[in-house]
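Convert by adding 1049 to the 1-based position in the sequence shown; the result is the number in my numbering.
Single-structure report; data block below.
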Amino acid sequence: MQHNRTLVVYYPNSFPAVNPECSNHRVTRRCPWPGLFVEYIQLFSNHAKYKTIEYTNPAVDYNVNEKGDWTEIYEMLRNGTIDTLAYGLMRTNARLVDYDFSDVLYNSPIYAVHRKSYGDSETTFAFFTIYGFDVVMALLGIIFLQIVFYWLHSVLIECYKDVTYNTVVDSVWSAFSLQLGQALKTKRITRAVNFNRLMFSFINTPILMGLYSTWIVSNRLTATEDGAISTYDDLIDALASNRKYLIQYTGSADWFFEELETSHVYPFYFIRKTLYNNPIHRVSIDEGFNHLNNGDGVALLPDDSQVFQKVVGLCNLQKLNGAIEGIDRRFMVRKNRADRLLIDMNNFIAHHVPSLALIYNKYKSQLIKRRGKCDQKLPNTERPYRGLMYVWLALCVISTCVFVVEMILKLRGKTLHLLPSKREYFERRSRLVFGYLGRAYK
């Protein structure tokens, strides 16, 4: 039968509408996954004998994906530039003013997604938050014992007054000897020596912390999640307490965020109240990953959305405790059309329920397979080690600066007069610690 009717369809450049890797959105041997709604449109046009005219507009796609502005698409639908779009939308009271909707194609559940960790900030010094109060107290206890030990040693070391003293070597080298449990043979102690001993004692701290850092992180991973969001009440509490903020992706046109702006019923009204002090972060897809990674953002994502497919493939993100709500995906057309387009769509859906389900399950199973490719099972445990090491290095720098300043003040205006043998001995021992800087000048 001749296709005597035309159907102008706008194909937005986002999942589940099209697959950008497939040219012309055609179901070919080389392109078995053109897009969920691409196949729906093709199946409908074959059933109802419509000739499909594909409409694409990169400028409109940019406004949708980068700015979250769907105004042009809705206007094209109202003025008849396009007949429908290859994107499933939910029927809402606000949209029913200007548009009609087909019967349900499928239902897409909404999941709250956030990072697998516990709200600690992804910063250089994140170990201050990843360790609990008990660990901080243990760390302070270690530092206190180190101070007591060095104070006691500084008292007892007076018995070595008759031993020759080498300032350069003792100030650093004896600190390492002390860490190894070796006795020190020194005659007197300067401020730099004491300070260096104390600071270098912190080398024990990252070693001790490193031994059970993995134990701490693994226990946190196996513990009950802090602030899990499984209901609207959980989401409202997290937003109201500023523990979490809500992320909206600029390319989405989901009913949830439209209802937030106008609805006066639960839960939308109560969520909107929390947004006065904790506003929504509207970001692009790429920016959204960073917001999720910082641990404080929560994204509400439909199961079939492009962003959700990328998110669930990341090892450090997860969806939480089942779906909160669901979206009924439907075709949307202009209000009060004179033709039979809406009737044909509903007849098509009624007669092709198995075919629609088969196509949907094909994409669903393919996406589930992709989700299983994550081979990093745990969040990054490098941060505790990195933070501790930075703190330790900072302490070492401070101690070295104190030592250098003291040596400059001590040697200022003086010239070292050493015998050749003594000078060679001095330089050889000094280079063990300071390398080229350990030279002594005549």
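For every residue, glycine included, the Cβ atom is placed at its ideal position computed from N, Cα and C.
Straight through space, the alpha carbons of D1377 and N1156 are spaced by roughly 5 Å. Straight-line measurement puts the Cα of L1145 at about 17 Å from the Cα of G1129. For the 8 Å CB-CB criterion, E1115 and I1408 do not form a contact. Residue burial is scored here from C-beta neighbours: A1287 has at least 16 other C-beta atoms within 10 angstroms and is therefore classed as buried. In the assembly as shown, Y1315 is an exposed residue. Its beta-carbon has fewer than 16 other beta-carbons within 10 Å. Considering only P1403, Y1294 and F1306, the residue with the shortest C-alpha distance to G1117 is F1306.
When secondary structure is reduced to three states using DSSP, H1313 falls in the coil class, being assigned neither helix nor strand. A straight line joining the alpha-carbon of I1278 with that of R1386 spans about 43 Å.
In the three-state reduction of the DSSP assignment, A1161 falls in the strand class, which pools E and B.
Across the structure, S1404 and S1290 are spaced so that their CA atoms are roughly 46 Å apart.
At a Cβ-Cβ threshold of 8 Å, L1369 and A1161 count as neighbours. In the structure shown, F1150 adopts extended strand secondary structure according to DSSP, grouped into three states.
By alpha-carbon distance to S1414, the top candidate from H1401, D1352 and N1343 is D1352. Linking P1328 to L1349 through their CA atoms gives a straight-line distance of about 15 Å.
The secondary-structure analysis by DSSP pairs R1379 across a beta bridge with L1138. G1337 sits in a helix when the DSSP states are folded into three classes.
A distance of 8 Å or more separates the beta carbons of L1134 and I1102.
Taking the CA atoms as reference points, D1110 sits about 9 Å from W1119. Pairing G1346 with K1384 gives a Cβ-Cβ distance that is not under 8 Å.
Per DSSP, reduced to three states, the secondary structure at L1324 is coil, with no helix or strand assignment. For K1116, the uninterrupted alpha helix (DSSP H) run begins and ends at P1107 to K1116, by DSSP. When the beta-carbon positions are compared, R1379 and F1150 come within less than 8 Å of each other. A residue is called buried when at least 16 other Cβ atoms come within 10 angstroms of its Cβ; M1186 does not meet this threshold and is exposed. A straight-line Cα-Cα distance of about 6 Å links M1139 and W1304. Counting only residues of its own chain and dropping the five nearest sequence neighbours on each side, N1395 has a CB closer than 7 Å to the CB of S1151 and D1152.
Looking at I1131, G1337, S1333 and P1107, the one whose alpha-carbon comes closest to that of R1164 is G1337.
Taken through DSSP and simplified to helix, strand or coil, G1346 comes out as strand. A1372 sits close to P1158, with the two beta carbons spaced by under 8 Å. Here L1189 is exposed. Its C-beta has fewer than 16 other C-beta atoms within 10 Å.
Taking a 10 Å sphere around the C-beta of V1446, we find fewer than 16 other C-beta atoms and assign the residue as exposed.
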